[in-house]
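First up is the structure itself, then whatever we jot down about it.
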Amino acid sequence: MPLAALPVGVRARLCAPAPGSAIPTRLGDLGFVPGTSLAVVRRAPLGDPVEIDIRGYRLCLRLEQIDALFVEIATDRDEP
Amino acid sequence: MSAAVELGPRPVRVALIGAPNAGKTTLFNVLTGSSARVGNYPGVTVERREGALRGAATEVRVLDLPGTYSVVGETPDEQIVEKALAGQLSGVPEIDGIVCVVDATTLRRGLGLVREVLKRGRPTLLVLTMIDEVRARGGKIEPTRLSQILGIPVLGVVGHRGVGMEPLHRLLPEPSRWAPAAALPAADTAEQRFAWVDEVCRAIGANDLEPDTRTDRIDRVLLHPVFGLLVFAAVMIFLFQSIFSWAVPAMDAIDTSFGALGRVSREVLPGGWVTDLWTDGVLAGVGSVLIFLPQIVILFAFIHVLQDVGYMARAAFVVDRVMGWAGLQGRSFVPLLSCYACAVPGIMAARTIASPRERLATILVAPFMTCSARLPVYTLLIAAFVPSATLFGVLGVQALVMFGLYLLGVATALVSAALLSSTLLKGTPSVFYMELPPYRWPTAGLLAKQVWRSATAFVRRAGTIILATSIVLWGLLTFPHAAPDPTRTPAEEARANLEASAGARIGHALEPAIAPLGFDWKIGVGLVASLAAREVIVATLAQIHAVSDDGDSGSLREALRADVNPSTGEPVFSLPVALSLLVFFVFALQCTSTIVVMARETGSWRWPALAFSYMLGLAWLASFVTYNVARALA
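Listed in order, the protein sequences are those of chains A and B.
Be aware that the first sequence starts at 2, since it is given in the numbering used here, and climbs by one per residue.
Be aware that the second sequence starts at 7, since it is given in the numbering used here, and climbs by one per residue.
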C-alpha cells in the first residue's frame with residue numbers, strides 16, 4: 002500500500018521501488034531504504050505533513066514527497 | 007623578534023559537520039566561547055561561524071559548517087559542506103580535520119553521514135552528543151567499541167553541561183591522530199550505506215531506545231487536531247500582544263529621550279544648518295531605528311525561546327499546509343512572523359529556509375507583512391479620518407479598519423507567494439523535511455546571547471542604511487532655503503523652507519502621477535520622505551503643516567482635517583483620500599533598508615528592483631480603486 006495511506010501507529014516495512022522508479026536520493030540519505038521498518042506517528046492538524054518514525058528518529062515529510070513510497074505492513078518480524 | 011615568531015605556527019583548522027539539531031551549535035559555543043565570529047561565505051548568504059578553541063595551547067580554529075543531512079550539495083548549505091569536505095571552499099583555508107557531530111539518540115541515521123565523511127579518507131573525529139539522553143531512555147552506548155570498529159576516535163559528550171569536554175579539548179588540536187584506519191569504498195548506494203550502519207550498530211550492541219515519553223505526551227496535546235490549532239492561535243495572539251503592548255513603555259521612553267536630546271541640542275548648539283543636520287538628520291535617523299529595538303528584542307526573545315523549547319518546529323508543522331498552498335514552507339512561517347516587527351530581521355531570518363526557491367519567495371513577499379513602521383501612519387490616519395463609531399455595539403470601526411489592513415497585508419503576501427511560485431519561481435518544489443526536536447528547557451545564557459546577536463545585527467544593518475537615507479532626505483527637504491522673512495513665526499518659516507526645497511519640487515513633479523489616487527503634492531513629499539522609513543511621513547506631514555509632531559499627534563490630526571486645497575477650496579484630506587493613502591502604505595515598498603537587505607540576502611539587485619516595482623504598481627492600482635470606490639460610495 003502507499004505509505005501515505007498507512008494508518009497512524011501501524012508499523013510497516015518499506016518496499017523495493019517498482020521497476021523503473023526509484024526512491025528519491027534525498028530520502029535515501031535520510032534512511033529510506035527498502036526493508037526499513039517505519040510507522041506514521043501523526044498527521045499535522047491540517048492533514049499534511051506527516052511525522053514518520055524511521056531508524057529510531059522522527060521526520061516530517063509532505064504527502065507529495067512520499068507518494069512514490071510503498072510499504073507492506075510488518076506482521077511476523079519486529080526487528081528494524 | 008625573529009621572523010618565525012612574527013609569523014607564528016600555522017593554526018590547526020577543524021570543521022564541525024552534522025545534521026540540524028545534532029547539538030553542533032551548542033558544542034561550537036562551548037568550544038569557542040565568546041571568540042566566535044559570524045560572517046558569510048563569499049558569494050552566498052550561508053552563515054559562516056568560526057572561532058578559536060578556548061584555552062588551547064596552540065591556535066585551533068573551529069569552523070561550524072551549516073547543519074546538513076547529506077553531503078551531496080543540493081541547497082546552498084549542503085554545497086558549502088560538500089565543498090568544505092573536498093577542500094574547495096574559496097576563502098576558507100584548508101581544513102586539517104573533520105569533526106562529525108552525531109546525536110547519539112539518532113545514531114542509526116547519523117552514522118550514514120559519518121560513512122559519507124569517512125569515504126573521503128580524511129582525518130575524522132566522531133563526537134556523540136546527548137549521551138545522557140540515550141542512557142535516560144534505556145540505551146547503551148560505548149564510544150570505545152565504536153571507535154575500534156570505525157578506526158577513528160569517538161567521544162561522547164553532553165554539550166550544554168560540558169560533560170566529556172576535557173578529552174575533546176585534548177584531541178582537537180591534533181587532527182593527525184584522527185586518521186582513519188582504512189578508507190571505505192568510495193561509491194555506494196543508500197542501501198549499502200545503511201546496511202553498513204545496521205551492521206555497525208549490531209556490532210556495538212546498540213539497542214532501540216525507549217520512546218521519549220515526555221515529548222510524546224506534550225505532542226499529543228500540542229499537535230492534537232483541535233487543541234493543536236487552538237494552542238497555535240493562542241501562542242500567536244500572545245506574541246502579538248507582547249510586541250504591541252509590552253514594548254510600548256520602552257518605545258515611548260526612547261521617543262521621549264530622542265526628542266529631549268534634540269531640544270537640548272538646539273538650545274546648546276548655535277543655530278544653522280549643521281545643527282539642523284545633527285537634530286533633524288542624524289538624531290531623527292538614529293531615533294527612528296532605535297524605536298523598533300524594544301519590539302525586536304521582545305520578538306527575538308520569544309522566537310528564540312520557542313525555538314529552544316522546540317515549539318517553533320511544531321508551529322511550522324502545523325502551518326505547513328497553509329504555507330504549502332502559497333508555495334512556501336512551514337519554515338517560512340518564522341521569518342514572516344518576524345516581519346510584524348520589521349521586514350529587515352524577517353528577511354535575515356529567511357536564511358533558515360534551506361531550499362533556495364522557497365527562501366526567495368519568502369523574502370520577496372516579506373515586505374507585505376504589516377511591519378511596525380506602518381503603525382504610526384495607520385494610527386494617525388485612522389484616528390483623524392475614520393469615524394469612531396461602533397458596529398453592533400461592540401466592534402469599533404477604527405479597530406476594524408486596523409485589523410482589515412493587517413489582514414490585507416497577510417493575504418497579499420500569501421497570494422503573491424502563490425503567484426510567484428507558479429510563474430517566476432516555477433520549478434519542482436524542494437524536498438521539505440524537518441524534525442520535531444525533543445522538548446527541552448531553554449538555557450538563559452544561550453538565550454541572552456542569541457537575542458543580543460539578533461538585536462545588534464538589526465541595529466547594524468538597518469541603522470546604517472536608515473541613517474544614511476535620513477541624512478540625504480534631510481538635505482532634500484532643507485535645501486534650497488526660502489528667502490528669510492522676519493515676520494514669519496518659526497513654524498511658518500519651517501514650512502516656507504520646506505515649500506522651497508528640492509523635496510517639495512519632487513512632490514510637485516509627482517503630483518500628476520498621484521493625483522488619480524487623491525494625493526496632493528504635500529502627500530507626495532511625505533511619500534518621498536517615507537522612503538527612509540515609512541513612519542517618517544508623519545514627521546514630514548507635521549513639518550509641512552507647520553505643527554509639532556510631539557505627543558499623541560493630536561495637533562497634526564487637527565491640521566490634516568483643516569487643510570484646504572487653495573485652488574478648489576475643498577479639504578485636502580477626506581475619508582477616501584485617507585483610505586487611499588492607508589491602502590498605499592499596505593502595499594508599497596517604501597523602505598530603503600528592506601531594499602538593501604533584500605539585495606544583500608539574494609545577492610542581486612534584480613530581486614529588490616522587482617519587488618519594489620511590483621509592490622509600487624500594486625499600491626498605485628489598489629489606491630486608485632480604493633479612492634474611486636470610496637468617493638462613489640461617499
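Ideal Cβ positions, reconstructed from N, Cα and C, are used throughout, including at glycine.
Rounded distance between the beta-carbons of residue j and residue i, thought under 8 angstroms
{"i": "Leu91/B", "j": "Val77/B", "result": "6 angstroms"}
{"i": "Ala21/B", "j": "Leu59/B", "result": "Rounded, the Cβ-Cβ distance is 13 angstroms, inconsistent with contact."}
{"i": "Ala636/B", "j": "Leu581/B", "result": "6 angstroms"}
{"i": "Gly118/B", "j": "Asn213/B", "result": "No, Gly118/B and Asn213/B are not in contact; Cβ-Cβ is about 19 angstroms, not under 8 angstroms."}
{"i": "Tyr384/B", "j": "Leu588/B", "result": "6 angstroms"}
{"i": "Glu56/B", "j": "Arg67/B", "result": "6 angstroms"}
{"i": "Leu387/B", "j": "Ala584/B", "result": "5 angstroms"}
{"i": "Gln66/A", "j": "Phe438/B", "result": "7 angstroms"}
Residue i: contacting residues in chain A (beta-carbon distance under 7 angstroms)
{"i": "Gly234/B", "result": "Pro46"}
{"i": "Ala196/B", "result": "Gly29, Asp30 and Val34"}
{"i": "Met440/B", "result": "Cys61"}
{"i": "Tyr75/B", "result": "Asp30 and Leu31"}
{"i": "Leu581/B", "result": "Residues of chain A passing the Cβ test: none, with the nearest at roughly 39 angstroms."}
Test item: CB-CB of residue i and residue j under 8 angstroms
{"i": "Gly509/B", "j": "Leu482/B", "result": "yes"}
{"i": "Trp184/B", "j": "Pro129/B", "result": "yes"}
{"i": "Tyr523/B", "j": "Ser586/B", "result": "Note that residue 523/B is Leu in the sequence shown, not Tyr. Going by C-beta atoms, Leu523/B is nearer than 8 angstroms to Ser586/B."}
{"i": "Leu397/B", "j": "Leu406/B", "result": "yes"}
{"i": "Phe590/B", "j": "Ser629/B", "result": "yes"}
{"i": "Asn27/B", "j": "Pro443/B", "result": "yes"}
{"i": "Thr111/B", "j": "Leu215/B", "result": "yes"}
{"i": "Leu343/B", "j": "Pro46/A", "result": "no"}
{"i": "Ile512/B", "j": "Val542/B", "result": "no"}
{"i": "Leu366/B", "j": "Thr608/B", "result": "yes"}
{"i": "Leu60/A", "j": "Glu441/B", "result": "yes"}
{"i": "Val295/B", "j": "Gly469/B", "result": "yes"}
{"i": "Thr429/B", "j": "Phe374/B", "result": "no"}
{"i": "Ala565/B", "j": "His551/B", "result": "yes"}
{"i": "Gln404/B", "j": "Val421/B", "result": "no"}
{"i": "Arg19/B", "j": "Leu69/B", "result": "yes"}
{"i": "Gly73/B", "j": "Gly24/B", "result": "yes"}
Opposing strand residues paired with residue i [DSSP bridges]
{"i": "Tyr346/B", "result": "Looking at the DSSP assignment, Tyr346/B forms no beta bridge with any residue, so it has no partner."}
{"i": "Ile472/B", "result": "Per DSSP, none; premise fails for Ile472/B."}
{"i": "Ala40/A", "result": "Arg12/A and Asp54/A"}
{"i": "Asp70/B", "result": "Leu22/B and Arg55/B"}
{"i": "Tyr439/B", "result": "Leu62/A"}
{"i": "Glu73/A", "result": "Arg14/A"}
{"i": "Leu401/B", "result": "Leu397/B"}
Residue of the options minimising C-alpha distance to residue i
{"i": "Ser338/B", "options": "Leu69/B, Arg494/B and Asp326/B", "result": "Asp326/B"}
{"i": "Arg226/B", "options": "Asp30/A, Glu52/A and Val34/A", "result": "Glu52/A"}
{"i": "Ile147/B", "options": "Ala565/B, Gly162/B, Gly234/B and Gly157/B", "result": "Gly162/B"}
{"i": "Phe298/B", "options": "Arg151/B, Val328/B, Val350/B and Val160/B", "result": "Val350/B"}
{"i": "Ala209/B", "options": "Gln247/B, Pro255/B and Pro149/B", "result": "Pro149/B"}
{"i": "Leu124/B", "options": "Ala500/B, Leu134/B and Gly103/B", "result": "Gly103/B"}
{"i": "Leu156/B", "options": "Pro82/B, Ala594/B, Glu122/B and Val542/B", "result": "Glu122/B"}
{"i": "Trp331/B", "options": "Ala424/B, Pro17/B, Ala390/B and Gly278/B", "result": "Ala424/B"}
{"i": "Pro8/A", "options": "Ser22/A, Gly29/A, Ala23/A and Arg44/A", "result": "Arg44/A"}
{"i": "Glu80/B", "options": "Phe438/B, Pro217/B and Ser361/B", "result": "Ser361/B"}
{"i": "Arg176/B", "options": "Pro518/B, Leu504/B, Leu131/B and Lys89/B", "result": "Leu131/B"}
{"i": "Tyr58/A", "options": "Ala69/A, Asp68/A, Thr37/A and Cys16/A", "result": "Thr37/A"}
{"i": "Gly127/B", "options": "Pro186/B, Ala545/B, Ala389/B and Thr281/B", "result": "Pro186/B"}
{"i": "Ala19/A", "options": "Cys61/A, Asp68/A and Leu62/A", "result": "Asp68/A"}
{"i": "Ile369/B", "options": "Leu236/B, Gly39/B, Gln313/B and Val340/B", "result": "Val340/B"}
{"i": "Ile55/A", "options": "Gly21/A, Ile24/A and Arg14/A", "result": "Arg14/A"}
{"i": "Val371/B", "options": "Thr31/B, Ser427/B and Ala321/B", "result": "Ser427/B"}
{"i": "Leu245/B", "options": "Val280/B, Ile302/B, Pro614/B and His514/B", "result": "Ile302/B"}
{"i": "Ala502/B", "options": "Ile243/B, Gln549/B and Arg540/B", "result": "Gln549/B"}
{"i": "Ile472/B", "options": "Gly24/B, Thr600/B and Ala25/B", "result": "Thr600/B"}
{"i": "Asp109/B", "options": "Glu139/B, Lys89/B, Phe593/B and Cys207/B", "result": "Glu139/B"}
Neighbouring residues, chain B, relative to residue i (Cβ below 9 angstroms)
{"i": "Pro8/A", "result": "Going along chain B, no residue has its Cβ under 9 angstroms from Pro8/A, so there is no contact; the nearest lies around 15 angstroms."}
Proximal chain B residues relative to residue i, where beta-carbon distance stays under 8 angstroms
{"i": "Gly57/A", "result": "Thr111, Thr112, Leu113, Arg114, Arg115, Asp214 and Leu215"}
Listed by chain order, chain A residues near residue i by CB distance under 9 angstroms
{"i": "Asp326/B", "result": "Ala45, Leu47, Asp49, Pro50, Cys61 and Arg63"}
{"i": "Gly330/B", "result": "Asp49, Pro50, Arg63 and Glu65"}
Residues that residue i contacts on chain A, provided the C-beta gap is smaller than 8 angstroms
{"i": "Val78/B", "result": "Thr26 and Asp30"}
{"i": "Phe200/B", "result": "Gly32, Val34, Thr37 and Arg56"}
{"i": "Phe339/B", "result": "Neighbours of Phe339/B on chain A: none; closest Cβ ~13 angstroms, over 8 angstroms."}
{"i": "Gly316/B", "result": "Per Cβ cutoff of 8 angstroms: no residues; Gly316/B is ~12 angstroms from chain A at best."}
{"i": "Pro82/B", "result": "The premise fails here: Pro82/B is roughly 15 angstroms from chain A at the closest Cβ pair, so nothing lies under 8 angstroms."}
{"i": "Phe323/B", "result": "Ala45, Pro50, Glu52 and Cys61"}
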